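Chemist:
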Amino acid sequence: IVAGCISHPHSWPWQISLRTSYRMHFCGGTLIDPWWVLTAAHCLERSSWPSAYKVYLGLHNESASEASVQTRDVEKLFKEPHRADIALLKLRRPAIINNHVIPVCLPKENDVLGGKKVCYVTGWGETRGTGGDGVLKETGFPVIENKICNRPEFLNGRVKKHELCAGNIHGGTDSCQGDSGGPLVCMHEEKFVQHGVTSWGLGCAQPMKPGVYVRVSHYIPWIKRIMENN
Amino acid sequence: QGSILDGYVKTEGAWLLNPKKQTYRANSHEECAERCETENKFTCRAFLFTSKDQQCLTLAENTKTSVIFRRTNAVLYEKRIYLLKCKEGKGVNYRGTEAKTREGVQCQNWAVNTPHKPNYTPEKYPNAGLEENYCRNPDHDPKGPWCYTMDPATRFDYCNIPECEVECMHCSGENYRGVVATTVSGLVCQHWNSQQPHSHGYLPENLPEKDLKMNYCRNPDGEPRPWCFTTNPNKLWEYCDIPRCTTPPPTPAPGRHCLSGSGQDYRGTISVTESGNTCQHWSSQSPHRHTHTPENYPCKSLEENYCRNPNSEKMPWCYTTDRSTRWEYCLIPSCDGTEQEAVAADVPEQAQIAEECYEGNGMTYRGTASFTISGKKCQAWNSMSPHRHNKTVLQYPNADLRQNYCRNPDEDSRPWCFTTDPHVRWEYCNLRKCSYVQVTSPKPTQEANLGEITLQFPRNCMYGNGKNYRGTIAKTGRGRTCQEWSSQIPHSHSAFTPLTDPRAGLVRNYCRNPDGDMNGPWCYTTDPRIPWEYCDIPKCSSGRYECGKAKFTPKLCSQR
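Sequence order for the protein chains is A and B.
Counting along the first sequence from 1, when you hit position 181 you're at 181 in my numbering, and nothing is skipped either side.
Plus 230 on top of the position in the second sequence (first one is 1) and you've got my numbering.
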């Protein structure tokens with residue numbers, strides 16, 4: 001996360017760290033159910049074997065050994081069949097839900113966000129010199145309507161229907177490398193609902209170049225189907 | 231075509247105290263509107279409806295003079311033509327409150343005979359809206375509306391009522407309110423409240439001031455012209471061909487040569503950016519191509535290469551002549567820098583730190599949260615716009631009604647505020663109750679006890695506002711027995727029955743929350759005097775989770 005701030009420990013209890021079997025963080029993800037994690041498909045490019053990945057839950061400081069941490073092996077990987085940048089991980093054992101590990105809510109199918117709604121992204125990704133490396137950071141900014149985001153001075157038609165943009169018009173704060181797969185959440189009726197999966201951007205925190213997130217509400221039927229059948 | 235409600239502006243959570251109202255029983259908002267139209271023919275100004283009580287109150291008075299209170303579950307509908315400040319065509323239907331002639335002379339009351347004896351009186355023309363001394367057009371005068379004047383030497387004169395942009399558009403069509411619903415290439419527009427074939431965030435309920443009605447072309451986002459999403463799945467959106475008005479555009483406010491607010495009225499000649507780049511001429515497409523041309527934005531004074539703010543940016547800006555820097559802000563001297571600094575310094579440092587939660591019912595909350603639960607910005611307490619109210623510092627001197635911060639001056643259940651959305655009078659704030667959770671490490675034995683964790687439909691307690699409560703409590707908080715949801719006795723109701731809301735769990739007479747009421751489950755009561763009441767359902771204890779709710783409050787930081 002570029003700029004933003006260091007989060008209160010465990011205030012985003014659905015955030016997971018996706019790691020290699022050698023315990024190196026490389027992507028984020030979100031606990032959506034005790035058995036299931038939502039992440040970006042491009043985070044799973046390094047291997048198609050579930051054993052290549054580990055999921056860390058209840059983590060705040062990336063390197064410290066915290067009592068709140070639960071680690072889980074991955075039993076199965078499911079990439080979205082039409083090559084959207086979204087994937088599901090089934091855990092080998094379910095996460096224990098406690099004060100530090102709580103699933104996020106999912107939006108309704110095809111739920112849309114009203115323009116300018118402020119949402120939040122979190123992660124242990126690159127900070128580009130803005131501090132807070134190694135601890136879970138957060139930042140907030142508005143969702144930008146796709147019609148605006150596809151204007152020539154913004155992302156010039158690159159944003160697809162199944163994606164959403166979010167960021168400040170002047171840049172300055174953004175998600176960045178290493179935050180991929182993590183959540184973009186927005187408050188709805190006192191709960192956080194995950195509307196985006198961190199996917200891609202042109203640089204990080206550049207003016208007129210907001211981050212792009214997979215629009216979770218488009219994939220609710222697929223998520224439900226995978227979870228029910230597995 | 232369309233609904234009877236299209237002619238009304240809706241405000242949620244508002245209630246009028248007006249002795250001249252008539253009370254009916256109605257099953258729906260539409261039925262209440264029909265009552266208002268038929269019973270108060272030609273005089274229906276507004277109506278109030280409560281879905282739980284099925285109470286319909288119609289008003290024939292100008293609501294602008296009525297005192298408005300806040301009330302949960304009540305909806306105020308005000309007839310659109312009585313709120314319009316512009317005229318359509320000759321202005322025969324103009325029902326606004328302009329009461330001066332174009333020369334600034336006070337209008338004479340239509341009902342009196344001095345200084346001029348009128349030919350047009352309320353008695354002779356009861357349907358012409360000849361009330362008070364407001365400008366009207368009872369004789370279909372092509373130059374209307376007009377009024378008799380208070381100047382004995384001038385019997386009547388015309389009023390300066392701006393034209394509504396219905397047939398044509400001024401400027402970039404931001405105020406276009408016509409019914410063209412096809413694009414320049416002939417594609418039919420998608421309805422704004424539909425997500426098919428294109429999903430979008432231009433939701434009419436979130437942008438009430440933009441009049442996103444039906445599938446009419448509109449300009450809600452500063453485009454050069456009105457546009458719409460198209461019904462062609464392969465074409466997201468397109469401009470519409472709305473003719474320009476031949477009459478002059480509304481007179482703009484006088485421009486300034488210094489920075490006030492975000493500088494949208496800056497009309498000075500500074501043409502250098504904050505980093506020293508020279509500005510590109512607005513009419514030029516080199517070195518940067520752009521759509522902010524004087525032709526596209528004729529009312530924004532995009533002259534020469536002067537810094538301007540045509541698109542609600544935070545301050546005036548311009549495209550630069552530096553090929554590698556598309557645009558930059560300009561440094562414009564403030565109109566009154568010292569005053570602005572004084573305002574900022576006046577806020578105690580402590581007050582600028584937002585308290586993130588409230589205790590009890592939040593009457594002691596003194597934080598700086600200023601957004602409601604649905605994301606609407608709060609109206610300042612000392613402002614009477616867009617909502618008039620009596621929650622003032624004078625009335626509640628100890629309630630700390632500062633700026634537009636969320637407060638609870640009237641012993642409500644939690645902090646709230648009037649919203650800046652003209653259509654939603656008030657809402658509870660986006661604040662959570664402070665909770666003090668004891669942090670313990672998970673015990674290994676908990677892992678086997680998974681049945682405890684996920685309970686979608688808790689039986690004896692509720693999460694959040696209890697919308698998913700499916701327990702069997704059937705008494706209200708005051709001990710009254712609940713009426714069966716399928717019964718119409720003693721209270722008949724067409725909404726909230728097992729048939730109308732099959733997914734709401736309206737079983738027997740159990741407390742439920744089919745309308746997502748903020749205060750939780752409720753029921754119709756068996757007491758004929760009390761239509762409905764809230765139930766007292768305990769909150770689910772910790773140990774079970776609700777998705778999306780952290781036990782530790784997030785910072786919600788968004789600073790750069």
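Ideal Cβ placement from N, Cα and C applies to all residues, glycine included.
Keep in mind it's a predicted model, so treat the numbers as computed, not measured.
#1: Check B/T508 in the structure and name its three-state DSSP category.
#2: In the segment 150-226 of chain A, which residue ranges form an unbroken beta strand (DSSP E) of at least 3 residues, counting only runs that do not cross its ends?
#3: Going along chain B in order, which residues have a C-beta closer than 9 Å to the C-beta of A/G123?
#4: In chain A, what lies closer than 7 Å to B/L466 by C-beta?
#5: Can you tell me where the beta strand (DSSP E) with A/E138 in it begins and where it stops?
#6: Mind checking which residues open and close the alpha helix (DSSP H) that includes B/A276?
#7: On the three-pair Cβ rule with 8 Å, is the segment 415-427 of chain B touching the segment 359-376 of chain B?
#8: According to DSSP, is B/R265 helix, strand or coil?
#9: Give me the residue from A/Y120, A/L38, A/E80 with the minimum Cα distance to A/T173.
#10: Applying the 10 Å Cβ sphere with the 16-neighbour rule, what's the burial state of A/K90?
#11: When you compare the CB of B/L278 with every CB in chain A, is at least one pair closer than 8 Å?
#12: For A/C5, does the three-state DSSP call read helix, strand or coil?
#13: Kindly indicate which residue of A/C176, A/A67, A/M227, A/V212 has the alpha-carbon position closest to the one of A/D133.
#14: Give the residues of chain B in contact with A/S21, contact being defined as C-beta atoms less than 8 Å apart.
#15: Thinking B/N634 and B/P645 are a contact (beta carbons under 8 Å), I'd like their distance in whole angstroms, please.
#16: For B/P674, which residues in the same chain have their Cβ closer than 6 Å to its Cβ, ignoring the five residues on either side in sequence?
#17: Determine, using beta-carbon pairs with one atom in the segment 622-629 of chain B and one in the segment 654-662 of chain B, whether at least three such pairs fall under 8 Å.
#18: Closer than 8 Å by beta-carbon distance: list the chain B residues that pair up with A/S11, in chain order.
#19: Start and end of the beta strand (DSSP E) containing B/R255?
#20: I'd like to know whether the C-beta of B/S424 is nearer than 8 Å to at least one C-beta of chain A.
#21: Taking Cβ to Cβ, would you say B/G696 is nearer than 8 Å to B/G750?
#22: What residue from B/S516, B/C537, B/P540 has the CA that sits closest to B/S554's CA?
#23: Less than 8 Å between the beta carbons of A/V193 and B/G431, yes or no?
#24: Compare the C-beta of B/I472 against all C-beta atoms of chain A and say whether one is closer than 8 Å.
#25: Does the segment 252-272 of chain B come close enough to the segment 320-339 of chain B to have 3 or more Cβ pairs within less than 8 Å?
#26: Tell whether a beta-carbon distance below 8 Å holds between A/H25 and A/S68.
#27: Is B/K315 closer than 8 Å to B/P375 when the C-beta atoms are compared?
#28: I'd like the list of long-range same chain contacts for B/A411, defined as Cβ closer than 6 Å, with 5 residues on each side in sequence excluded.
#29: Where are the alpha helix (DSSP H) runs, 4 residues long or more, that stay fully inside the segment 339-383 of chain B, in chain order?
#30: Which residues in chain B have a C-beta closer than 9 Å to the C-beta of A/H82? List them in chain order.
#31: Identify the continuous alpha helix (DSSP H) that holds A/L91 and give its terminal residues.
#32: Give the C-beta separation of B/C488 and B/C565 to the nearest angstrom, bearing in mind that I take them to be a contact with Cβ-Cβ under 8 Å.
#33: Decide yes or no for the touch test of the segment 746-763 of chain B against the segment 709-725 of chain B: beta carbon pairs closer than 8 Å, at least 3 of them.
#34: Determine the closest residue to B/Q336 out of B/A358, B/I311, B/Y388, with distance taken between C-alpha atoms.
#35: Where does A/I97 fall in DSSP's three states?
#36: How far does the alpha helix (DSSP H) with B/I311 in it reach, from first residue to last?
Modeler: The short version:
#1: Taking the second sequence and counting its residues from 1, the one referred to as residue 508 of chain B is at position 278. Three-state result, B/T508: strand.
#2: 163-166, 183-188, 191-200, 211-215
#3: Taking the first sequence and counting its residues from 1, the one referred to as residue 123 of chain A is at position 123. The contacting residues do not exist; A/G123 stays about 14 Å from chain B at best.
#4: Working through the second sequence from its first residue, we reach residue 466 of chain B at position 236. Going along chain A in sequence order, the residues near B/L466 (Cβ under 7 Å) are K147.
#5: Here residue 138 of chain A refers to the residue found at position 138 when the first sequence is read from its first residue. Per DSSP, A/E138 belongs to the beta strand (DSSP E) from 137-144.
#6: As a working mapping, residue 276 of chain B is identified with position 46 in the second sequence. Looking at the DSSP string, B/A276 is not in any alpha helix (DSSP H); the run it does join, the beta strand (DSSP E), is 276-280.
#7: no
#8: In the second sequence, counting from the first residue as 1, residue 265 of chain B sits at position 35. Three-state DSSP puts B/R265 in a helix.
#9: Along the first sequence, read from residue 1 onward, the residue named residue 173 of chain A stands at position 173. Out of A/Y120, A/L38, A/E80, A/Y120 has the C-alpha closest to the C-alpha of A/T173.
#10: Taking the first residue of the first sequence as position 1, residue 90 of chain A is located at position 90. Counting Cβ neighbours within 10 Å, A/K90 comes out buried, since at least 16 surround it.
#11: In the second sequence, residue 278 of chain B corresponds to position 48, counting from 1. For B/L278, the answer is no, since every Cβ of chain A falls outside 8 Å of its Cβ.
#12: Within the first sequence, residue 5 of chain A is the residue found at index 5, counting from 1. Three-state result, A/C5: strand.
#13: Translated into the one-based positions of the first sequence, residue 133 of chain A becomes position 133. Nearest of A/C176, A/A67, A/M227, A/V212 to A/D133, Cα basis: A/C176.
#14: Numbered from 1 along the first sequence, position 21 holds the residue referred to as residue 21 of chain A. Within 8 Å Cβ-Cβ: nothing; A/S21 doesn't reach chain B, min ~22 Å.
#15: On the second sequence, residue 634 of chain B is found 404 positions in, with the first residue counted as 1. On the second sequence, residue 645 of chain B is found 415 positions in, with the first residue counted as 1. Actually they are not in contact, since the Cβ atoms of B/N634 and B/P645 sit about 12 Å apart, beyond 8 Å.
#16: Position 444 of the second sequence holds residue 674 of chain B. Its pLDDT being 24, under 50, B/P674 is placed unreliably in this model, and the value from its coordinates should be taken loosely. Within the same chain, B/P674 has no close Cβ partners at all.
#17: no
#18: The sequence position of residue 11 of chain A within the first sequence is 11, counting from 1. Going along chain B in sequence order, the residues near A/S11 (Cβ under 8 Å) are A780, F782, T783, P784, K785.
#19: For this step, residue 255 of chain B is matched to residue 25 along the second sequence. First-last of the beta strand (DSSP E) with B/R255: 252-255.
#20: As a working mapping, residue 424 of chain B is identified with position 194 in the second sequence. So no, B/S424 is outside the interface.
#21: Numbered from 1 along the second sequence, position 466 holds the residue referred to as residue 696 of chain B. Numbered from 1 along the second sequence, position 520 holds the residue referred to as residue 750 of chain B. Against a cut-off of 8 Å, the Cβ pair of B/G750 and B/G696 comes out as a contact.
#22: Here residue 554 of chain B refers to the residue found at position 324 of the second sequence. The option with the nearest alpha carbon to B/S554 is B/S516.
#23: Counting from 1 along the first sequence, the entry for residue 193 of chain A is found at position 193. Counting from 1 along the second sequence, the entry for residue 431 of chain B is found at position 201. Contact flag unset, no.
#24: In the second sequence, the residue the question calls residue 472 of chain B occupies position 242. Answer no: the Cβ-Cβ gap between B/I472 and chain A never drops below 8 Å.
#25: no
#26: Here residue 25 of chain A is taken as the residue at index 25 of the first sequence, counted from 1. Here residue 68 of chain A is taken as the residue at index 68 of the first sequence, counted from 1. Not in contact: A/H25 and A/S68 (Cβ atoms no closer than 8 Å).
#27: Counting from 1 along the second sequence, the entry for residue 375 of chain B is found at position 145. Counting from 1 along the second sequence, the entry for residue 315 of chain B is found at position 85. Going by C-beta atoms, B/P375 is not nearer than 8 Å to B/K315.
#28: The residue given as residue 411 of chain B occupies position 181 in the second sequence. Answer for B/A411: C419, N445, Y446, listed in chain order.
#29: none
#30: Within the first sequence, the letter at position 82 stands for residue 82 of chain A. Per Cβ cutoff of 9 Å: no residues; A/H82 is ~16 Å from chain B at best.
#31: Within the first sequence, numbered from 1, the residue matching residue 91 of chain A stands at position 91. Taken as a continuous stretch (DSSP letters only), A/L91 belongs to no alpha helix (DSSP H), being part of the beta strand (DSSP E) at 87-91.
#32: As a working mapping, residue 488 of chain B is identified with position 258 in the second sequence. As a working mapping, residue 565 of chain B is identified with position 335 in the second sequence. Rounded, the Cβ-Cβ distance is 4 Å, consistent with contact.
#33: yes
#34: Taking the first residue of the second sequence as 1, we reach residue 336 of chain B at position 106. Of B/A358, B/I311, B/Y388, the residue nearest in Cα terms is B/Y388.
#35: For the purposes of this step, residue 97 of chain A is taken as the residue at position 97 of the first sequence. DSSP places A/I97 in coil when its eight states are reduced to three.
#36: For the purposes of this step, residue 311 of chain B is taken as residue 81 along the second sequence, with counting starting at 1. Counting along the chain, the alpha helix (DSSP H) containing B/I311 begins and ends at 310-313.
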